[in-house]
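Numbering (full-length UniProt numbering), first residue to last: 1 to 377.
Using N, Cα and C, we set each Cβ at its ideal position, and we do this for glycine too.
One structure is given below, encoded as structure tokens.
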Amino acid sequence: MNRIFQKFLQSGINLFSMGAKCREDNTHDMDMNPDAETTNPEWKVYFDGNFWEPSGKGHAGTEIRLDRQFEWAGHHWIIPSAYSCNKELILDFCMCTPAEDIRKFMKKWDLTPENDSCLNFTQEQQLQIDLDNPLCLDIIPCLKLNGTTMQASHSCSVVFNPCLPDEINNEPEAKWVLKHYELDTSYGWMIFRVAFLWPDKRRPAIKSLSLTMEQQPFRMPGPHFKIHSPGDQFAFSHPISETKYTLTVQKLEQQTLSQNRMDSDRWLYPTHFTTMSYTLSPEPDNDISIHDCADNDKPLEVAPATDSFSPEVQTDLACIDIIGGADEPTIILCGNNNQANLHVAYSTLHFKPVSDDIEWRIEFNIIRFSKKTFLLI
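If you want it as structure tokens, here you go:
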């Protein structure tokens, strides 16, 4: 769903922590029947439950009231309770955001129900919107029980936004959580629940419990540049460390993918792309990447759908995804090159070879806030 209004005003914290699986974009019956009345079930927390399906297998967890509050990453946080289950310890996090910050964010990007399509914003603008969103923060929580680190198992999250228009309702589950924990509804809230496995697969006596909050690196768009031939250089500075770097182009090469890699009889995909081999001096940590500013050419439908279950067109393909299936689509380190520290950036895909100079964008993986540890018990 390319809906910025939903994505950026109701998006949740993404949890990246030791194999934790984030349950996102959950569908609720209210989406299908918005006039239906809801009655909140009895408040119980199960190790395999979530905000939308709170019931689970086995016995409900025993609540351990914590009522811990702290300031971190520009937000006020409340850890109201933990829940001791047979297999896991479950922790609820509540991140508070002033309504005025949300209103400023919405006004800056003119985010309204009518202006809710990602097509209205460039890739770079979408990155910046994600960075500006006061209700979104990627974190790595680390929980230590009696001095032993616990492994995160799974998580879920809901958002309460007091600035949403009347025609767009907040999730009833979010309102339920706010009511249960008596949170102030004049603020925005990001509430997420994460389950941590007992270290020895058995529920021990809890003598101490500490929580370390760490920010997940995020992508920050940087300067644009164009190069024409090998030997061209571009100088830039890191926005945080202020280290000055020089990018030197070693090789430009136009390449073509085989249509067989696309595995589609219905759609004709673009196959032409450009690779740019380059070096960076000084050699950075793995926190700088190069991206093509242009979008992929849109695939062409060459045959009708054979049935209603035919796969939809993929418009966000990146050539390195097709070549190697890498998570990062635009930059790799070529270890078998004769020149040390040689990197390769891949352009977007086009139906015809690109004759003009490509406009590239530098992106930085940034951490704004230092990690911090808080004693819960």
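Problem set entry | Collapsed DSSP secondary structure at Leu66 in the structure displayed | Residue state, collapsed to three classes: strand.
For this session: Kindly give me the distance between the Cβ atoms of Leu247 and Tyr269, rounded to whole angstroms, as I take these residues to be in contact under 8 Å.
Result: Wrong, their Cβ atoms sit about 30 Å apart, outside the cutoff.
Exercise. For His172, is the classification buried or exposed, using 16 other Cβ atoms within 10 angstroms of its Cβ as the cut-off for buried?
Worked result: Correcting the residue identity first, residue 172 is Pro in this sequence and not His. So Pro172 counts as buried.
For this session: Label Asn115 either buried or exposed according to how many other C-beta atoms from any shown protein chain fall within 10 Å of its C-beta, with 16 as the threshold for buried.
Result: Burial call: exposed.
Problem set entry | For Tyr346, three-class secondary structure by DSSP | Looking at Tyr346 - three-state DSSP - the assignment turns out to be strand.
Exercise. In terms of residue numbering, what span does the alpha helix (DSSP H) encompassing Ala174 cover?
Worked result: Note, Ala174: alpha helix (DSSP H), Pro172 to Tyr181.
Problem set entry | Beta-carbon proximity list for Lys226, same chain, < 8 Å, skipping 5 on both sides | Around Lys226: Asp357, Ile358, Glu359 and Trp360.
Exercise. If you draw a straight line from the C-alpha of Gly222 to the C-alpha of Phe369, how long is it?
Worked result: For Gly222 and Phe369, the distance between alpha carbons rounds to 19 Å.
Exercise. Curious, which full-length beta strand (DSSP E) runs of at least 3 residues does the segment 232-307 contain?
Worked result: Entirely contained in the segment 232-307, the beta strand (DSSP E) runs reaching 3 residues are, in chain order, 233-237, 244-256, 272-281 and 288-292.
Exercise. Taking Cys94 as the reference, which of Thr149, Ser84 and Tyr181 has the closest Cα?
Worked result: Nearest C-alpha to Cys94: Tyr181.
Exercise. How about Arg203 and Asn40: are their beta carbons less than 8 Å apart?
Worked result: Contact: no.
Exercise. Start and end of the beta strand (DSSP E) containing Met106?
Worked result: Not the beta strand (DSSP E): Met106 falls in the alpha helix (DSSP H), residues Ala99 to Lys108.
Exercise. Nearest CA to the CA of Asn196: which residue from Leu135, Asn133, Pro165 and Phe47?
Worked result: The residue you asked about is not Asn; residue 196 is Phe in the sequence shown. It is Phe47.
For this session: With a threshold of 16 other CB atoms inside 10 Å of the CB of Glu301, please say whether the residue is buried or exposed.
Result: It is exposed - the Cβ of Glu301 has fewer than 16 other Cβ atoms within 10 Å.
For this session: Could you tell me which residues DSSP puts in a beta bridge with Glu363?
Result: Paired residue(s): Pro221 and Ser289.
Exercise. Alpha carbon to alpha carbon, how far is Gln216 from Tyr83?
Worked result: Rounded to whole angstroms, the separation of the alpha carbons of Tyr83 and Gln216 is 25 Å.
For this session: Look at the alpha carbon of Val159 and the alpha carbon of Leu127, and state the distance between them as a whole number of angstroms.
Result: So the alpha carbons of these two residues sit roughly 20 Å apart.
Exercise. Identify the residues that DSSP records as bridge partners of Cys96: which are they?
Worked result: In the DSSP assignment, Cys96 is bridged to His76 and Trp189.
For this session: Take Cys156 and list the residues in its own chain whose beta-carbon comes closer than 6 Å to its own, dropping the five residues that flank it on each side.
Result: The answer, listed in chain order, is Arg23, Asn50, Phe51 and Arg193.
Exercise. Under the three-state reduction of DSSP, which class applies to Cys118: helix, strand or coil?
Worked result: Residue state, collapsed to three classes: helix.
For this session: Could you please give me the residues that DSSP links to Lys201 through a beta bridge?
Result: Beta-bridge partners of Lys201 (DSSP): none assigned.
Problem set entry | Buried versus exposed call for Ala345 [16 or more other C-beta atoms within 10 Å across all chains shown] | Its Cβ being crowded by 16 or more others within 10 Å, Ala345 is buried.
Problem set entry | Cβ contact (3+ pairs, closer than 8 Å) linking the segment 89-106 and the segment 133-147 | Contact holds: three or more Cβ-Cβ distances are below 8 Å.
Problem set entry | Residue range of the unbroken alpha helix (DSSP H) whose run includes Leu127 | It spans Gln123 to Asp132 - the alpha helix (DSSP H) in which Leu127 sits, taken as one unbroken run.
Problem set entry | Distance, Met213 Cα to Met150 Cα | Cα to Cα, Met150 sits roughly 14 Å from Met213.
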